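Residue numbers (UniProt numbering): 1 to 152.
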């Protein structure tokens, strides 16, 4: 995978300078204020950067690692390890798409608002899951509908 784009690095550096070192969003301030949005932008960009760095390490290991093990058991073990690593990277690739979507929502002024109800998602939920797009209640209703559909 490619490294973090230069524009993202510039945005991250600018956003970090705009925040006090000890800042953490709270329920007592205006919801989705500029400072909160900057906090989440920094959080999302840092998360994306760390995923991209880890994927570069995986690519390097794939290129450097032995292609064939002489022992069948060693080969099976290596292939299993690589399979797990590649599945993990695939999940992280999908996560990067969600992070990019959250960053886009920040830029468009939609971040922090439920895509189903339009209600605030809530600071605590966003801190726990910065890519959340629905309130807890809307997410639970969505999952119930999925379960019912799956059971039919």
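Positions of the beta carbon are idealized from the N, C-alpha and C atoms, including for glycine.
Remember, predicted model here, so these are calculated numbers, not experimental data.
Using a Cβ-Cβ cut-off of 8 Å (strictly less than) and excluding sequence neighbours within five positions of residue 57, which residues of its own chain qualify? For this step, residue 57 is matched to residue 57 along the chain shown. Excluding residues within five positions, none has a Cβ falling inside 8 Å.
Of the choices 35, 31, 26 and 41, whose alpha-carbon is the least far from that of residue 153? Since the first residue shown for the chain is 1 and the last is 152, residue 153 is missing from the structure and cannot be characterised.
Output the distance between the C-alpha atoms of residue 136 and residue 72, rounded to the nearest integer angstrom. Reading the chain shown from its first residue, position 136 is the one you call residue 136. Reading the chain shown from its first residue, position 72 is the one you call residue 72. Inter-residue distance for residue 136 and residue 72 is about 48 Å (C-alpha atoms, whole angstroms).
Going by DSSP, which residues form a beta bridge with residue 120? Taking the chain shown and counting its residues from 1, one reaches residue 120 at position 120. Note: residue 120 sits in a beta bridge opposite 113.
With DSSP collapsed to three states, give me the class of residue 106. The residue labelled residue 106 in the question sits at position 106 within the chain shown. Under the three-state reduction of DSSP, residue 106 is assigned to helix.
Let me confirm a value: residue 117 is counted as buried when at least 16 other C-beta atoms fall within 10 Å, else exposed. Which label applies? Sequence index remark: in the chain shown, residue 117 carries index 117 (1-based). Looking at its Cβ environment, which holds fewer than 16 other Cβ atoms inside 10 Å, residue 117 is exposed.
Distance check for residue 131 and residue 98, CA to CA, integer angstroms please. Reading the chain shown from its first residue, position 98 is the one you call residue 98. Reading the chain shown from its first residue, position 131 is the one you call residue 131. Spanning the two alpha carbons is a distance of roughly 6 Å.
For residue 147, count the other beta carbons within 10 Å of its own beta carbon; 16 or more makes it buried, fewer makes it exposed. Which is it? As a working note, residue 147 is residue 147 in the chain shown. Exposed, by the Cβ-count rule.
In whole angstroms, give me the CA-to-CA distance for residue 95 and residue 89. What you label residue 95 is simply residue 95 of the chain shown in a count that begins at 1. What you label residue 89 is simply residue 89 of the chain shown in a count that begins at 1. Residue 95 and residue 89: Cα-Cα distance of roughly 9 Å.
For residue 172 and residue 35, what's the separation of their Cα atoms in angstroms? A query on residue 172 cannot be resolved here, the shown segment of the chain reaching from 1 to 152 and no further.
For residue 175, count neighbouring C-beta atoms within 10 Å of its own C-beta (all shown protein chains included) and say buried if the count is 16 or more, exposed if not. Because the chain here runs from 1 to 152, residue 175 falls outside it and cannot be looked at.
So, with DSSP's three-state summary, where would you put residue 49? One-based indexing of the chain shown puts residue 49 at position 49. DSSP places residue 49 in helix when its eight states are reduced to three.
Contact belief for residue 108 with residue 134 at Cβ below 8 Å, rounded distance in angstroms: The count along the chain shown starts at 1 and reaches residue 108 at position 108. The count along the chain shown starts at 1 and reaches residue 134 at position 134. That belief does not hold up - the Cβ atoms of residue 108 and residue 134 are roughly 17 Å apart, past 8 Å.
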